[in-house]
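Trainee: Sequential numbering from 14 applies to the sequence shown in the working numbering.
Quick reminder that beta carbons are idealized off the backbone N, C-alpha and C, glycines included.
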Amino acid sequence: NDCGQKFEDLVRELSDARCPACESANVEKQLSAFAIGGSRAEPAPPTGGGCSSGFCGTGGCGFG
14 NDCGQKFEDL
24 VRELSDARCP
34 ACESANVEKQ
44 LSAFAIGGSR
54 AEPAPPTGGG
64 CSSGFCGTGG
74 CGFG
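(1) Grouping DSSP H, G and I as helix and E and B as strand, with all else coil, what is Leu44?
(2) So, for Val24: in the same chain, excluding its five sequence neighbours on each side, which residues have a beta-carbon less than 7 Å away from its beta-carbon?
(3) Looking only at its own chain, which residues have a Cβ that is under 6 Å from the Cβ of Asp15, when we skip the five neighbours before and after it?
(4) Give me the Cα-Cα distance between Pro33 and Glu41, rounded to the nearest whole angstrom.
(5) Mapping DSSP to helix, strand and coil, what is Ser37?
The following block contains the structure:
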């Protein structure tokens, strides 16, 4: 942007983005950590303790 202010804005089109400080439409898109990811759906890792056997969440654990 023209004033150098960094900001975050979630927009569908880059042409919709404007700097909130100077209203400039001259903005540069940066990599969004929110948008990083694969196209495959993968299961979430277990949230509980576990026994570190590597079988948690696979049905191979005798503890439940």
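Mentor: Once the coordinates are examined:
(1) Taking the first residue of the sequence shown as 1, we reach residue 44 at position 31. Coil.
(2) Taking the first residue of the sequence shown as 1, we reach residue 24 at position 11. Answer for Val24: Ala30, listed in chain order.
(3) For the purposes of this step, residue 15 is identified with residue 2 of the sequence shown, where counting begins at 1. Excluding residues within five positions, the ones whose Cβ falls inside 6 Å are Cys35, Ser37, Asn39.
(4) Here residue 33 refers to the residue found at position 20 when the sequence shown is read from its first residue. Here residue 41 refers to the residue found at position 28 when the sequence shown is read from its first residue. Cα-Cα distance, rounded: 14 Å.
(5) On the sequence shown, residue 37 is found 24 positions in, with the first residue counted as 1. DSSP places Ser37 in the coil class of the three-state scheme, outside both helix and strand.
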